[in-house]
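Below is one structure, written out as structure tokens, with a few remarks after it.
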Amino acid sequence: MPDLTEYRRRRDASVTPEPVPDEVEPRCGRDRSGTTFVVQEHHASQLHWDVRLERDGVLVSWAVPKGMPIEPDVARLAVRVEDYPLEYADFSGVIPAGQYGAGRTEIWDRGRYETVHWDGERIEIVLCGNRLRGKYEFRHTAEDDDRHWRVRRLDDAEEGWQSLPLFVPPMTPGRTRMPGVSEDGEWSYEFAWDGLRAQVRVQGGRIGVRDSDGRDRTATYPELRGIGAKLGSVEALFDGVIVVLAEGKPSAVALRRRANVTTAADLRRMVRQWPAVFLAFDLLHLAGHSCLALPYRRRRELLAGLGLNGDHWRVPECYEGEGAAVLEASRVHGLDGVIAKRLDSPYRPGRPSQDWAAVRGVRVQEVVVGGWRPGGGSRAETVGSLLLGVPTADGLRYIGNVGSGFTREDLAELAETLPGLAVPSSPFEEIPEDKARDARWVRPDLVGEVVFRGWTDAHCLRAPSWRGLRDDLAGEDVGFRD
7 MPDLTEYRRR RDASVTPEPV PDEVEPRCGR DRSGTTFVVQ EHHASQLHWD
57 VRLERDGVLV SWAVPKGMPI EPDVARLAVR VEDYPLEYAD FSGVIPAGQY
107 GAGRTEIWDR GRYETVHWDG ERIEIVLCGN RLRGKYEFRH TAEDDDRHWR
157 VRRLDDAEEG WQSLPLFVPP MTPGRTRMPG VSEDGEWSYE FAWDGLRAQV
207 RVQGGRIGVR DSDGRDRTAT YPELRGIGAK LGSVEALFDG VIVVLAEGKP
257 SAVALRRRAN VTTAADLRRM VRQWPAVFLA FDLLHLAGHS CLALPYRRRR
307 ELLAGLGLNG DHWRVPECYE GEGAAVLEAS RVHGLDGVIA KRLDSPYRPG
357 RPSQDWAAVR GVRVQEVVVG GWRPGGGSRA ETVGSLLLGV PTADGLRYIG
407 NVGSGFTRED LAELAETLPG LAVPSSPFEE IPEDKARDAR WVRPDLVGEV
457 VFRGWTDAHC LRAPSWRGLR DDLAGEDVGF RD
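Each step along the sequence shown adds one to the number in this note's numbering, with nothing skipped, and position 168 is 174.
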């Protein structure tokens, strides 16, 4: 017989906002089939989902720690709890601290269900809700405990549903050169973080953490568990990096200390001293659908929409078409460099791709072209190198030659433009004789951009690489960045 005695005993009606009726609402003569169900997401001490089925004037209820399974033959624990009043089907709110079930409760799904079979050992129903649609079975599993049940889906998942993978071999950068200036708008740029490449898998409010080799690292980073509570029932697989910050910057030393912890006491101490942060920069799977074939821009949009912003997890910023600025900011802040990703690129598991570039240890400088030297070999008919300078109060100061980084398009553009700027003498205030040999001088009107690895003692560019012309700048706009 339906009975709310236990429900009322656990609650103080003067404190909790939950409905606490005096008696069971009568349902005399009402057909038991085709009644209502509700699933409530309950952020109590442990996240779980309360599944409630209307029956004989009450809500017969189970607490399901990992939520209702979407795929067939996935059995999950369902703990039978006391009957709830029918009014509870409309309840959303916060149960105060100190009360039974304290925490936030919200309606996750609701609808109608049909009974196929119902007895004390097995219940088979067909759910027709906004999220849950299909045939389910609740089966009692423990002879000595009335509370222990299992719930599983009996029919196939909805068409198009794809299982959440345990791990996807990570995509890696296949190039180290910055995209050219003319390509900037086709690329996204983000900081390279000195950390542990990792994937975080979220299912049923619980997480799993694996490194780039697929090894399970979940126990090493307990502070990341809150990602599961944040996402609730959302199934997702994230690619990213785990960092340990010291004075606001990633610390490789602190990360190694975290990774080498062997005892529970040491781990608790390390979590307090060196807390980890998961930086999610890509989304590989979401809500039953693989994201691998989606372009990077769309994957980032979906990722941003999940609202991952906590003390131990966040989505790092990415910047479209701002390669030079991001690279310079990386250098100024002492970070590890820049990762460039083509905006229209899919995720290519397990192999290096030319759609991603890892650019580390370089700087950016705008330059004025003061001359050029012809090439040799395959470039005998075009530019071999450009002679570069930066305007100063004393004139155009020579800072070196650049002969690498040119694309075919760059060389064709320069071959067309440079002859029209020819002048008879050097525009530089001075230039080493060996650098001026066989040079063709030009009017210092062309502005370009290079990346380089530092300055020589003579204050010339070390290992420069051409990025492209800067049509948005004039010579007088150029100066030394540092």
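Just so you know, even glycine gets a beta-carbon here, dropped at the ideal spot from N, CA and C.
This structure is a prediction, so every number in the text was calculated from the model and none was measured.
Terminal residues of the alpha helix (DSSP H) in which K236 lies: G232 to L237
Beta-carbon gap between L490 and A445 smaller than 8 Å: Residue 490 is absent from the model: the chain starts at 7 and stops at 488.
Outcome for K255 when other beta-carbon atoms lying within 10 angstroms are tallied against a minimum of 16: exposed
Where L237 falls, given that 16 or more other Cβ within 10 Å makes a residue buried: buried
Contact check, A346 vs M177, beta carbons under 8 Å: no
Inter-residue Cα distance where the pair is V423 and S188: Contrary to the premise, residue 423 reads as Thr rather than Val in this sequence. The alpha-carbon atoms of T423 and S188 are separated by roughly 16 Å.
Buried versus exposed, by CB contacts within 10 Å (16 or more), L65: buried
Proximity test, R275 beta-carbon vs the ligand PLP heavy atom, cut-off 7 Å: In the structure shown, the ligand PLP is absent, as is every other ligand, since no ligand is present at all.
Beta-carbon separation (whole angstroms), I281 vs H318, contact threshold 8 Å: The amino acid at residue 281 is misidentified as Ile; the sequence shows Pro. Confirmed, about 6 Å.
Nearest candidate by alpha-carbon position, reference S51, set A103, T22, G63 and W155: A103
Local Cβ density within 10 Å of V174, reported as buried at 16 or more and exposed below that: buried
Cα-Cα separation between L467 and L308, rounded to whole angstroms: 41 Å
Status (buried if at least 16 other CB within 10 Å, exposed otherwise) for H48: buried
Any 3 or more C-beta pairs closer than 8 Å across the segment 150-162 and the segment 285-301: no
Straight-line Cα distance separating R305 from P380: 45 Å
Terminal residues of the beta strand (DSSP E) in which G180 lies: T178 to R181
Beta-ladder partner(s) of D272, from DSSP: Bridge partners of D272: none, in fact.
Where A69 falls: helix, strand or coil (DSSP): strand
Cβ pair L349, E326 closer than 8 Å: yes
Nearest candidate by alpha-carbon position, reference L300, set G411, P352, T22 and G126: P352
Close beta carbons around R128, own chain, < 8 Å, minus the five adjacent residues each side: E143, F144, R145 and H146
Own chain partners of I213 with C-beta closer than 8 Å, once the 5 adjacent residues on each side are dropped: V206, R207, T224, L230, R231, I233 and G234
Contact set for A81: own chain, Cβ-Cβ below 8 Å, skip 5 residues either direction: P75, R156, V157 and R158
Extent of the continuous beta strand (DSSP E) to which E415 belongs: It is not in any beta strand (DSSP E) - E415 instead sits in the alpha helix (DSSP H) that spans R414 to T423.
Cβ-Cβ distance between A364 and V321 below 8 Å: no
Buried or exposed by the 16-neighbour rule on C-beta atoms within 10 Å, applied to W362: buried
According to DSSP, residues forming a beta bridge with S296: H291
Within 8 Å, strictly: CB atoms of V389 and W378: yes
Test item: CB-CB of R181 and V247 under 8 Å: no
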